[in-house]
Each structure stands twice: as structure tokens, then as C-alpha cells.
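Take any residue in the sequence shown, note its place counting from 1, add 25, and you have its number in this note's numbering. Report on the structure given below.
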Amino acid sequence: MRLQLFIASIALLAVIGTASAGQNWAVLVAGSNGWYNYRHQSDVCHAYQILHKNGIPDSNIIVMMYDDLAKNKQNPTPGIIINHPNGQDVYKGVPHDYTGNTVTPKNFINVLLGKKDAMKGVGSGKVLESGPDDNVFIYFTDHGATGLVAFPNGVLYAKDLNSTIAQMHSENKYKEMVIYIEACESGSMLEGLLPDNINIYATTASNAEESSYACYYDSKRQTYLGDLYSVNWMEDSDAEDISKESLFKQFQVTKQKTTESHVMQYGDLTLGAKHTVSEFQGATRNGKQQSVSPVVDRMNTLLKRETTATVDVRISILSKRLADLPANSEERLSIKRELAYTVRQRSIISSTIDSIAKKSFEVNRSGYSDLVTSQRMKLTQHDCYKEATQRIHAKCFDIQNEFVLNKLWIVANLCEVGLHSFTINNAVDAVCDVLGRQQFEY
Ligand SMILES: *[C@@H]1O[C@H](CO)[C@@H](O)[C@H](O)[C@H]1NC(C)=O
Ligand SMILES: *[C@@H]1O[C@H](CO)[C@@H](O)[C@H](O)[C@H]1NC(C)=O
26 MRLQLFIASI
36 ALLAVIGTAS
46 AGQNWAVLVA
56 GSNGWYNYRH
66 QSDVCHAYQI
76 LHKNGIPDSN
86 IIVMMYDDLA
96 KNKQNPTPGI
106 IINHPNGQDV
116 YKGVPHDYTG
126 NTVTPKNFIN
136 VLLGKKDAMK
146 GVGSGKVLES
156 GPDDNVFIYF
166 TDHGATGLVA
176 FPNGVLYAKD
186 LNSTIAQMHS
196 ENKYKEMVIY
206 IEACESGSML
216 EGLLPDNINI
226 YATTASNAEE
236 SSYACYYDSK
246 RQTYLGDLYS
256 VNWMEDSDAE
266 DISKESLFKQ
276 FQVTKQKTTE
286 SHVMQYGDLT
296 LGAKHTVSEF
306 QGATRNGKQQ
316 SVSPVVDRMN
326 TLLKRETTAT
336 VDVRISILSK
346 RLADLPANSE
356 ERLSIKRELA
366 YTVRQRSIIS
376 STIDSIAKKS
386 FEVNRSGYSD
396 LVTSQRMKLT
406 QHDCYKEATQ
416 RIHAKCFDIQ
426 NEFVLNKLWI
436 VANLCEVGLH
446 SFTINNAVDA
456 VCDVLGRQQF
466 EY
């Protein structure tokens with residue numbers, strides 16, 4: 026009898042032991058600001074609600090978002106953010122770990138590497154404190170370009186993300202990790218970089234060469250509420266029993282519903298079949314089934330999603346606002362002016378990048394190859410690309426502008442055809458020293 030009790034308590038201890046052995050951690054990042062970029066922060070708020078309802082404590086969820094929407098003067102519903110047409114508020118309860126100017130690539134890297142000291146006095150100071158038994162979920166949503174994603178301040182290069190991940194692996198900061206990225210050309214953040222033997226499974230909104238797509242235009246708020254890939258995985262998490270659904274199944278559902286771009290998988294694909302979504306998006310590893318919360322909307326497949334390529338979002342919003350206004354109204358004139366300014370901005374940026382391409386060949390004294398402006402090459406010359414794009418940022422214009430991001434593949438091509446970064450930098454100086462650094466309002 027005593028022995029049985031003893032064995033029973035050992036067994037119980039073993040169960041508790043395994044249950045508490047692993048925790049869930051998550052880092053959620055929206056890399057933009059401004060009302061017309063509403064959708065990125067609303068995606069991140071929604072993602073938080075999913076993890077929260079699934080039982081991951083706030084202490085283990087780190088949120089980086091600019092936080093200029095709830096109180097924005099353009100917000101017709103102050104204090105409320107939605108991610109779905111007529112959806113419920115997703116802003117309530119979202120931790121304000123890093124907001125405003127603290128949403129930077131450097132802080133993101135410090136958070137991932139668990140650098141508590143470096144983050145002391147910055148925002149909440151929360152960092153990943155995960156260990157070898159813990160699962161980590163990272164979700165990033167914003168604008169992107171070949172080999173980089175944008176932050177409100179600065180950009181994160183694929184090579185730097187890659188080395189951060191490698192360091193997390195060598196420092197045993199996770200058991201398994203799942204990374205979801207929504208951005209244009211998001212495949213280029215991982216393609217040819219993320220190895221298949223470091224226990225990471227990732228999906229991206231698009232391949233390395235194409236746009237990602239905004240969706241759910243809301244005429245009351247005059248902005249897009251979500252991004253297609255993001256709302257697809259999140260509405261799947263809302264609707265499914267994620268303690269039974271595999272990561273691969275979620276990928277398939279998301280891929281099928283993301284009709285405008287190619288949703289991709291990277292890393293160790295065997296993890297996708299082996300693990301459930303809740304092992305990363307919920308604290309269900311101890312067997313507790315979480316209830317579905319009414320906070321988040323269920324999937325509505327009949328809803329018209331009104332997708333728009335990221336680069337066209339600003340022009341699309343202005344055009345829709347214009348169409349809603351009575352002829353000859355004062356506001357109509359001002360929006361017409363803004364639209365003309367935006368279209369001009371786009372064409373100035375485009376022709377500046379083309380001039381840099383031409384000039385680079387002149388500096389090199391080699392014949393211009395129009396391959397660099399007509400055909401995308403795979404990015405392998407990461408250092409050259411970083412130097413050249415940083416020079417453009419310093420000398421020409423803000424590279425976080427999505428019209429610039431949309432053309433950076435040409436700069437990647439210049440590096441790929443063998444031009445050295447100092448050749449390209451000379452061309453950047455020659456073109457932009459004449460024009461001066463241009464400040465566009467956007
Ligand atoms: C990316 O990281 C892996 C280790 O995870 C490393 O083997 C590889 O060389 C890195 N790639 C680049 C371009 O730095
Ligand atoms: C000049 O162009 C050639 C051919 O594209 C390339 O191989 C070479 O490295 C370039 N030189 C410099 C200094 O950029």
C-alpha cells in the first residue's frame with residue numbers, strides 16, 4: 026500500500042516535472058507606424074489576443090509596436106483597434122513593452138538574445154528568457170524588400186537576423202522555434218540562410234521576389250485592417266482546435282487562402298508535421314485545452330477581402346477616399362493634391378534608383394546591363410547589399426519608404442553582377458549629392 030502510494034507520487038511528480046519543464050515564449054513585432062499602415066499593428070494586437078487566450082502569460086510575450094493608432098486623431102473609435110471588418114477590439118490588454126522610438130532592429134535583436142542589461146531602462150525591459158526546454162514563437166509583420174524588413178526606425182537585414190538566430194541556437198535559447206513573417210519579399214529573409222538542422226520551422230507571406238498583400242479595406246477608418254497571410258493564419262488559429270492542428274496544416278490552410286502571393290516554408294520542415302500549432306501559440310503543452318474566446322472573430326470565408334499589393338496601398342487608400350467625397354469639396358482638392366504628390370514621389374524614387382544602376386556601370390567603366398533592372402537575382406552578396414542600401418539611406422532618401430523598398434532588388438542585382446559596394450556607393454554619391462537627400466512625407 027505504502028509502496029503503491031510511493032510509486033503513484035513518483036509518477037505524479039514525473040507528470041508535473043514534464044509539464045513544467047517547458048514554457049512558451051513569444052515575440053510579436055509590428056515594424057511600421059502611421060495610420061495608412063494600421064494593418065501591421067492590428068495584426069500584432071490580434072496575434073497577442075490569440076496567445077493570451079491560449080494561456081501564454083504576459084510575462085512570456087514581448088510586444089514591439091509603435092502604438093500610435095489607439096489615440097490617433099484619424100481613429101473614429103478611440104482606444105479601439107480591429108483586425109477584421111466589424112471585428113471586435115484587439116487592442117485591449119496588449120502589453121506596451123516597446124513602443125515609439127524603441128521599436129528598432131537593435132532592440133529586437135537584444136530581446137531575442139535575452140540581453141537584459143542592454144534593455145535596462147528601455148521600454149518594459151522584457152527580453153526572451155527562454156531556455157533549452159522552451160518553445161519560442163516569433164511573428165513579424167511590416168514592409169520588406171529583398172533581404173530586409175523595415176522597422177519604424179531602421180531596417181533589419183536578413184544576414185543579421187540569420188546570425189542572431191544562430192546565436193540563439195548556440196546559446197540554447199529554445200527547444201524548438203517557429204517564425205512567421207509577413208512582409209514583401211519575406212522569403213528573402215530566410216531563403217538560402219536558415220539551416221534545416223537547428224530546430225526552426227518558418228513560414229513567410231511571400232516568396233523572395235513578390236509583394237505581400239493588404240486586405241479588408243474599411244471605409245469608416247479609411248485604411249486596410251489586415252494583411253492577407255496574417256489574417257489567414259490568425260483566423261485559422263481562432264477557428265481550429267490548435268491542440269490538434271499541425272503547423273503544416275496551418276501552413277496549408279494559410280497558403281490556400283493567401284491567393285495573391287506564395288506562402289513559403291523554411292527551415293526544418295519535419296517539425297511542421299511533428300508539432301501542433303498550440304505547442305507554439307498556446308500554453309497547452311501541459312495538456313490543458315483552452316477555450317475559444319469571444320474576443321477574436323471566427324473565420325469568415327465569404328467575406329470579400331479586397332487585397333492590394335503593399336506598394337499600392339497608399340495610392341489605393343487615397344483613391345478610395347477621393348471616390349467617397351462629393352465633387353468640388355475642399356477635402357477632395359486636398360486629397361487630389363496628396364495623390365499627385367504620392368504618385369510623383371513614387372516616380373522620383375523609381376528614376377533615382379534606375380540612375381544609380383546606370384551610374385554604377387559608368388563608374389565601373391563597363392557596359393550597362395539592363396538585366397539588373399529587368400530580372401531579379403537571388404541575394405547572396407549580403408555585405409555589399411547592406412553597404413549600398415545604407416548609403417542610399419544616408420544620401421538619397423529614407424529606405425523604409427515602401428516605394429524605395431519596392432526597388433531595392435535592383436541594388437541587390439548590382440551586387441550580384443559583381444560590382445563592388447564602393448563602386449555602387451560612388452554612383453549613389455554622384456546621383457544623390459546633386460539632388461540632395463530628399464525628405465518625402467508619407
Ligand atoms: C546563416 O546561419 C547559419 C547558422 O545558423 C550559418 O551556417 C550560415 O553561414 C549563415 N549564413 C550567412 C550568409 O551568414
Ligand atoms: C566591374 O564590373 C565587373 C563586371 O560586372 C565586375 O566583375 C568587377 O568586380 C567590377 N569592379 C568593381 C570595382 O566594381
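For every residue, glycine included, the Cβ atom is placed at its ideal position computed from N, Cα and C.
Own chain, CB closer than 7 Å to residue i, minus 5 neighbours either side, in chain order
{"i": "Lys280", "result": "Val288"}
{"i": "Glu154", "result": "Gly139"}
{"i": "Arg416", "result": "Asn450 and Val453"}
{"i": "Phe422", "result": "Ile374, Val429, Arg462, Gln463 and Phe465"}
{"i": "Gln314", "result": "Below a pLDDT of 50, predicted positions are generally treated as unreliable, and Gln314, at 44, falls in that range; the measurement from the model is reported next regardless. These residues qualify, in order along the chain: Ser268."}
{"i": "Glu427", "result": "His168, Thr335 and Val336"}
Reduced DSSP secondary structure (H/G/I, E/B, other) of residue i
{"i": "Lys240", "result": "For clarity, residue 240 is Cys in the given sequence; the question names Lys instead. Three-state DSSP puts Cys240 in a strand."}
{"i": "Ala308", "result": "coil"}
{"i": "Gln315", "result": "Note on Gln315: pLDDT 48, under 50, position unreliable in the model; no value is reported."}
{"i": "Asn97", "result": "coil"}
{"i": "Gln370", "result": "helix"}
{"i": "Val320", "result": "In this prediction, Val320 has a pLDDT of 38, which is less than 50 and means its spatial position is unreliable; what the coordinates show is noted afterwards. The answer is coil: DSSP assigns Val320 none of H, G, I, E or B."}
{"i": "Ser446", "result": "helix"}
{"i": "Thr166", "result": "strand"}
{"i": "Leu327", "result": "Residue placement at Leu327 is poorly supported in this model, since its pLDDT is 45, which falls under 50; the coordinates are not used for a value here."}
{"i": "Leu350", "result": "coil"}
{"i": "Leu173", "result": "strand"}
{"i": "Met89", "result": "strand"}
{"i": "Leu181", "result": "strand"}
{"i": "Asn431", "result": "coil"}
{"i": "Ala51", "result": "strand"}
{"i": "Tyr123", "result": "strand"}
{"i": "Thr335", "result": "helix"}
{"i": "Asp68", "result": "helix"}
{"i": "Asp252", "result": "strand"}
{"i": "Asn160", "result": "strand"}
Cutoff 6 Å; reference residue i; Cβ partners in own chain excluding five residues on either side
{"i": "Val180", "result": "Leu173"}
{"i": "Ile190", "result": "none"}
{"i": "Ala55", "result": "His65, Gln66, Val69, Met90 and Thr166"}
{"i": "Ala175", "result": "Gly56, Asp167, His168 and Gln425"}
{"i": "Asp83", "result": "Pro120"}
{"i": "Ala233", "result": "Glu210, Gly212, Ser213 and Glu216"}
{"i": "Asn62", "result": "none"}
{"i": "Tyr5", "result": "In this structure the chain extends from 26 to 467, so residue 5 is not present and cannot be described."}
{"i": "Gly150", "result": "Met144"}
{"i": "Lys411", "result": "Tyr182"}
{"i": "Val115", "result": "Cys70, His71, Gln74, Ile106 and Asn108"}
Close Cβ partners of residue i (< 8 Å) along its chain, the five nearest in sequence each way excluded
{"i": "Thr283", "result": "Ala230, Tyr238, Leu253, Tyr254 and Asn257"}
Next item on the list: Let me have the residue list for ligand 2: C-beta closer than 6 Å to any non-hydrogen atom, ordered along the chain.
Entry: For ligand 2, the residues with a Cβ under 6 Å from any of its heavy atoms are, in chain order, Asn389, Ser391, Val442, Gly443, Leu444, His445 and Thr448.
Notebook entry, point to check: If we count Cβ pairs, one from each stretch, closer than 8 Å, do we get three or more for the region 102-116 versus the region 48-68?
Noted result: Three or more Cβ pairs closer than 8 Å define a contact, and the region 102-116 meets that threshold against the region 48-68.
Next item on the list: Starting from the N-terminal side, write out each stretch of the alpha helix (DSSP H) that is 4 residues or longer and does not extend beyond the region 374-419.
Entry: Counting only runs of 4 or more, we get 396-399.
Check: What runs of the beta strand (DSSP E), each 3 residues or longer, lie entirely inside the region 185-249?
Finding: Qualifying beta strand (DSSP E) stretches, in chain order: 201-207, 225-229 and 238-243.
Notebook entry, point to check: Do the region 442-458 and the region 215-227 meet, that is, are 3 or more Cβ pairs less than 8 Å apart?
Noted result: Pairwise C-beta distances place the region 442-458 out of contact with the region 215-227, as fewer than three of them are shorter than 8 Å.
Next item on the list: With a floor of 3 residues, list each beta strand (DSSP E) that falls wholly inside the region 266-298, ordered by position along the chain.
Entry: You should have 289-292.
Check: How do the region 340-357 and the region 245-260 stand: do at least 3 beta-carbon pairs fall below 8 Å, yes or no?
Finding: Result yes; three or more Cβ-Cβ pairs closer than 8 Å.
Margin query: I'd like to know if the region 117-137 and the region 269-276 are in contact, where contact means that at least 3 CB-CB pairs between them fall below 8 Å.
Written below: Flag = no, the region 117-137 and the region 269-276 do not touch.
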